[in-house]
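Quick notes on the structure that follows.
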DNA sequence: CTAATTTAATTTGTATACAAAATCCAGTGG
DNA sequence: CCACTGGATTTTGTATACAAATTAAATTAG
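Chains as they are written, first to last, in UniProt numbering: chain E, 1 to 211; chain H, 1 to 211.
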């Protein structure tokens, strides 16, 4: 277990609920669990803290942050502001080659039958990211990446809304078509609806759980 | 030099140009310079990296990121999206008590004659933050804080635009007045202009420097 | 019985020493 | 002259050991 991979592993384990929300992580237990010394554990924890994938619990201990509907809503609102911006800035630089790549990705999601819900989620995000990356905005992309990671925790294994997956997927095709035909404003509008719907679905789901 | 303060110190030293843009920081030199072992240095570096106040230079080394006009513009565009959002979400929760506090702050900036440009910059940001904090949006506030830190590097000692300081300050008073009289939309519009102007001024300045 | 305070336990923070990796540079071959 | 490979050197990554701080518990005063 090398340094970078410990960070990745811890992140994945947090996503997958190995260390559930509310768990206080201490360095010693983690170092025993992952069979490394406390030093690389500290490095990984520090990085996760900086990304808000861990939060302070008390004066010196770190906790897996609880999942609240309010924060999920907040995260989606932020995405709702930033992702359209990314799309707008990417638009002038979208080549047909890139749109083709994106299309291949969507087709792959459709055709590959034995994808897990998590895999499909990852590919869907890869689709969004592919478009955004054309913007060449390093800070914006970094923020979007970070926000997505946050949101991922709320999606669990993304089994929440299997019936929504189809709608979402179709919107991806529509988005691509609008971009191909140079209809930026329409594409942005669609993207906003896309994000807002996903957000509302999630928040509604979370509120139901908490009651 | 304790852990938290080493991080703060390093951050300040980066802002103030002790380690100029483009400098590759290595752990050993820093540990000698700050008279601590490499472990707390590593911690601080890791944290600064996560906040993009340092960037990778090669495979394993960290660099103080160069200042480019394009990135400054990007940062201001992001703020332009997020700060109005923060103000909108804060608005319903703005008490007269809070507005009063904000007013005190502005007055203090006006009256205190022997404030450095950096001090005044810090107080101005504190003014913005005071309003935004009423939103109770932890993630949004975290992002704004991070973005501000990034932008601070570009401002240098904020001596760039002393003639703009007055305009900016007056807009702060106007903003407060609009909020007090419940004119949210007007306040948001003003805030957008406020940020955009500052951004354009900075970007113009940077472009002049680079030619 | 509650609340505060002191003491013991655990946990984090730091230094030193060593291992692994990356970087640099000279030497070789094209 | 340039690209490339080899080893030497620097730099980062990790483990262990110890110091400092935090947390938890227990004791005592109110």
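Ideal Cβ positions, reconstructed from N, Cα and C, are used throughout, including at glycine. Computed from a prediction, not measured in an experiment: that's the story for all the values here.
| Check | Outcome |
| --- | --- |
| Residue burial classification, residue 100(H) (beta-carbon count within 10 angstroms, cutoff 16) | exposed |
| Coarse secondary structure for residue 57(H), derived from DSSP in three states | strand |
| Contact set between residue 90(H) and chain E, taken where Cβ atoms lie within less than 7 Å | Under the 7 Å cutoff, chain E gives no residues; its nearest Cβ is about 13 Å from residue 90(H). |
| Closest by C-alpha distance to residue 150(E), when choosing among 6(E), 5(E), 16(E) | 16(E) |
| Among 71(H), 77(H), 74(H), 82(H), nearest to residue 76(E) - alpha-carbon criterion | 82(H) |
| Straight-line gap, residue 180(H) to residue 138(E) (C-alpha atoms, nearest Å) | 38 Å |
| Interface flag, residue 139(H) vs chain E, CB-CB below 8 Å | yes |
| Bridge partners - residue 62(H), DSSP secondary structure assignment | 25(H), 56(H) |
| Within-8 Å CB hit, residue 185(E) to chain H | no |
| Members of the segment 72-85 of chain H that neighbour chain E once the beta carbon cut-off is set at 8 Å | 74, 75, 77, 78, 81, 82, 85 |
| Candidates 122(E), 168(E), 177(E), 20(E): closest to residue 196(E) by CA position | 168(E) |
| Option in 93(E), 198(E), 146(E), 106(E) with minimal Cα separation from residue 50(E) | 146(E) |
| Residues of the segment 117-146 of chain H whose Cβ lies closer than 8 Å to any Cβ of chain E, in chain order | 137, 138, 139, 140, 142, 143 |
| For residue 183(H), the three-state DSSP class (helix, strand or coil) | coil |
| Residue 165(E) at chain H interface by Cβ criterion, 8 Å | no |
| is_contact[residue 93(H), chain E] using C-beta, thresh 8 Å | no |
| Secondary structure of residue 134(E), DSSP reduced to three states | coil |
| Classification of residue 37(E) by the beta-carbon crowding that lies within 10 angstroms, buried from 16 upward | exposed |
| The segment 23-33 of chain H contacting the segment 194-209 of chain E, beta-carbon criterion three pairs below 8 Å | no |
| Contiguous beta strand (DSSP E) assignments of at least 3 residues, all confined to the segment 61-99 of chain E | 61-63 |
| CB of residue 7(E) within 8 Å of CB of residue 57(E), strictly | no |
| Of the listed residues 93(H), 165(H), 142(H), 133(H), nearest to residue 124(H) (C-alpha basis) | 165(H) |
| Given residue 153(H) as reference, the closest of 9(H), 20(H), 176(H) once Cα atoms are compared | 20(H) |
| Cβ separation of residue 203(E) and residue 72(E), assumed to be a contact under 8 Å, to the nearest whole Å | 6 Å |
| Residues of the segment 51-71 of chain E whose Cβ lies closer than 8 Å to any Cβ of chain H, in chain order | 51, 52, 71 |
| Same chain, Cβ closer than 6 Å to residue 48(H), five either side skipped, listed in chain order | 54 |
| Burial state of residue 86(H) (16 or more Cβ within 10 Å) | buried |
| Spatial distance of residue 46(H) from residue 39(E) (CA atoms) | 12 Å |
| Residues near residue 91(E) by beta carbon distance below 6 Å, same chain, minus five either side | 184 |
| Chain H residues whose Cβ lies nearer than 7 Å to that of residue 46(E) | 43, 46, 47 |
| Three-state secondary structure (DSSP) of residue 189(H) | helix |
| Inter-residue Cα distance where the pair is residue 187(H) and residue 88(H) | 9 Å |
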